[in-house]
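Residue numbers (my numbering): 5 to 407.
Quick reminder that beta carbons are idealized off the backbone N, C-alpha and C, glycines included.
See structure below.
Structure (structure tokens):
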């Protein structure tokens with residue numbers, strides 16, 4: 005895959021200076037489906053656990069195995085499909101989600117469900133390594149940050165609307181209905197991509213650079229480290245949020261708390277999209293501080309709904325823009341090696357998710373639910389220190405000209 009702008013516009017592309025909203029919204033929908041497939045089990049753990057006849061901590065590993073599928077395959081599959089046209093590759097990834105979510109919805113056996121979740125993670129590896137570069141290529145240089153923000157808006161939409169709606173749907177009609185709804189959305193998306201998203205060629209074999217070369221580019225390492233630890237911290241809490249809320253006396257309001265969290269994410273993604281070109285470093289620092297404040301409130305072991313909703317609001321305000329911030333940071337730092345850097349980011353993101361699912365399950369079983377937000381707080385310390393230290397490369401105070 006490549007993020008460099010072609011010398012000639014592809015068929016269906018918008019004139020220079022305008023954003024192709026239909027195409028970007030299709031990409032945002034792909035991000036939405038990817039994110040919702042990934043996180044939906046978090047809101048349905050009790051139902052999944054009862055139906056699959058395993059513990060809630062074991063059910064939480066459906067998030068872990070999804071992340072493992074992505075982490076193991078993002079780099080090799082991205083390299084293997086580098087010559088494919090971008091539209092063909094995106095449609096293949098969406099077809100993978102269609103198959104995986106269908107099997108998940110129909111399965112009554114834990115091992116088969118885990119296989120389906122792994123396949124979904126493989127599809128995510130293809131999609132995530134592709135989507136950020138695709139969004140940037142659809143826009144003129146001065147609007148690439150905004151284009152990426154629009155495409156990444158699928159994440160907070162999944163959190164604000166998808167997970168609460170899926171949780172409600174799963175509670176009312178059964179969790180299988182929620183996953184079958186995801187299948188239907190994927191089928192619609194394949195047609196939307198065919199109709200509205202311009203195609204781009206893949207890389208010619210002779211010009212492909214080794215992906216690991218991106219690690220030698222100044223600034224890429226700090227961004228990847230922040231990604232690894234930041235996502236690990238977030239996943240430890242998010243994968244088991246339903247269990248934590250139950251411990252805090254708010255188990256019956258999981259869908260509402262997730263709705264508040266997601267609504268705050270939408271505000272965050274809007275602010276980040278508007279300001280990222282000038283304030284990437286400041287926004288990243290602010291996101292860490294907001295999430296830390298939310299985690300501190302979650303760590304208070306009291307049955308106080310106001311504290312829970314305040315914590316969810318701060319957490320959402322901090323997290324909503326994080327994918328856009330990190331994708332933009334690694335793309336800017338990577339330069340000519342941006343493709344390899346993006347694939348590395350996708351891999352580490354999902355390594356962190358897998359680690360968060362496992363670590364969160366261990367913490368839950370050994371120290372209780374209150375240990376989850378406290379662990380998040382501890383992990384945010386090296387995240388903040390790295391962002392502050394990487395002021396020249398990675399998270400510069402001012403974006404370099406032409407980057």
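When rounded, the separation of the alpha-carbon atoms in residue 86 and residue 205 is 9 Å.
Residue 30 places its beta carbon 8 Å or farther from that of residue 162. DSSP places residue 222 outside both helix and strand once states are collapsed to three, so it counts as coil.
Taken through DSSP and simplified to helix, strand or coil, residue 388 comes out as helix. Note on residue 228: 16 or more other CB atoms within 10 angstroms of its CB, so buried under the neighbour-count rule.
Comparing alpha-carbon positions, the option among 24, 64, 28, 57 lying closest to residue 248 turns out to be 64.
Within the region 127–162, the runs of alpha helix (DSSP H) that reach at least 4 residues and sit entirely inside it are, in chain order, 148–156, 158–161. Rounded to the nearest angstrom, the Cβ distance from residue 391 to residue 289 is 6 Å, consistent with a contact under 8 Å.
Rounded to whole angstroms, the separation of the alpha carbons of residue 400 and residue 272 is 20 Å. A residue is called buried once 16 or more other Cβ atoms fall within 10 Å of its Cβ, and residue 370, having fewer, is exposed. Listed in chain order, the non-local C-beta contacts of residue 222 below 6 Å within the same chain comprise 397, local neighbours out to five positions each way being set aside. Pairing residue 241 with residue 103, the inter-Cα distance amounts to about 29 Å. Boundaries of the alpha helix (DSSP H) around residue 277: 258–302. Contact holds between the region 247–267 and the region 369–383, because three or more Cβ pairs, one in each stretch, are under 8 Å apart.
The straight-line gap separating the alpha-carbon atoms of residue 245 and residue 330 is approximately 23 Å. With a cutoff of 8 Å on beta-carbon distance, residue 183 and residue 105 are scored as near each other. Each residue's CA atom was taken as its position, placing residue 202 and residue 243 some 35 Å apart. Taking a C-beta distance under 8 Å as the contact criterion, residue 294 and residue 277 do not qualify as a contact pair.
Taking a contact to require three or more Cβ pairs closer than 8 Å, the region 138–147 and the region 44–56 do not qualify as touching. About 5 Å separates the CB atoms of residue 133 and residue 347; that is less than 8 Å, so the two are in contact.
Sixteen is the threshold: when 16 or more other Cβ atoms of the shown chains lie within 10 Å of the Cβ of residue 238, as they do, the residue is buried. In terms of Cα proximity to residue 96, the closest of 326, 328, 128 is 128.
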